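Residue numbers (this note's numbering): 428 to 717.
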């Protein structure tokens, strides 16, 4: 029992607010684990011990894929705010547990709130994007009013999670079907591209956001950082830099009131990458002057 209690306590600490988990990336361009990668799952253990702790019967049915018992219990349910000890509602559980949209559909039709938050300020949409590759579940949640911009003050929007997880199907649903604005800043004053450049860059996702999502490569964060500066400082990838330049990043722009991209490349980029990145920037400077 002590070991189990310790494990549960560790899990709770691992998935508390992202600002405690997400440190600045190091100079190699890698980043510390995000709140959703700090543990394999936000799910509880559905066994007799969890039942004794008051885990909703609906949630246990979802995890164990007991559809008939689930539907019967759902018909009898009157409390649509039920949750476990970590404030995960059955809808949170359904969006992660098994990838079957029928549980999600049934809960939403019953009236469960798509924007209910667990103890870590994560909604069902956060969980679905982080743990489920089924775009239909994203559609269901959005159709029932899920807020893709909600971050609970921690900066972690559903859009940010889609960027981190390289979840292109989810991003396509959000952008093309529901018009999500990729240039909207989160509560930390960072855009979706800025968030990706601070964490892990998925180049296919980045190009989609620039090409199809109309993400602005010249929109700075509230702190003053331009995407090109972030790419040079954190990713140090010539491919990432070239993508931003190809889709309109201003190579002459001064970021944070101090540095141009070329100056930053010459002073901050590692020697292994400096020459290639500097040559790419100079090539674009030359093209602008023609």
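Don't be surprised by glycine CBs; every beta carbon is placed ideally from N, CA and C.
Predicted model, so just to flag it, every value in this text is computed and none were measured.
- Counting only runs of 4+ residues, the alpha helix (DSSP H) found wholly inside the stretch 525-590 occupies 528-537, 551-558 and 562-570, in chain order.
- Residue 705 sits in a helix when the DSSP states are folded into three classes.
- Counted as a single uninterrupted DSSP element, the alpha helix (DSSP H) harbouring residue 635 occupies residues 630-638.
- Shown here, residue 687 sits in a strand according to DSSP, grouped into three states.
- Taking the Cα positions, residue 670 is about 44 Å away from residue 510.
- Less than 8 Å divides the Cβ of residue 541 from the Cβ of residue 568.
- Of all alpha-carbon atoms in 515, 553, 501 and 556, the one lying nearest the alpha-carbon of residue 482 is that of 515.
- With respect to residue 490, residue 533 sits apart: the two C-beta atoms are not nearer than 8 Å.
- Ranked by Cα distance from residue 604, the first of 629, 640 and 680 is 640.
- A Cβ-Cβ separation of about 16 Å leaves residue 594 out of contact with residue 620 under the 8 Å criterion.
- Its Cα nearest to that of residue 626, the residue 654 stands out among 709, 654, 549 and 546.
- Between the C-alpha atoms of residue 704 and residue 577 there is a straight-line separation of about 36 Å.
- Rounded to whole angstroms, the separation of the alpha carbons of residue 633 and residue 679 is 21 Å.
- Contact check for residue 616 against residue 591 fails: the beta carbons are separated by 8 Å or more.
- Cβ-Cβ separation between residue 587 and residue 613: approximately 7 Å, consistent with a contact (criterion under 8 Å).
- For the pair residue 552 and residue 517, the CB atoms are not nearer than the 8 Å cut-off.
- Annotated three-state conformation of residue 641 is coil, per DSSP.
- Judged by their CB atoms, residue 689 and residue 657 are not nearer to each other than the 8 Å cut-off.
- Residues of the same chain with a CB within less than 6 Å of the CB of residue 543, apart from the 5 flanking positions on each side, are 516 in chain order.
- Here residue 519 is near residue 545, since their CB atoms are less than 8 Å apart.
- For residue 654, the enclosing alpha helix (DSSP H) starts and ends at 654-657.
- Under the DSSP assignment, residue 494 falls in the alpha helix (DSSP H) whose first and last residues are 494-503.
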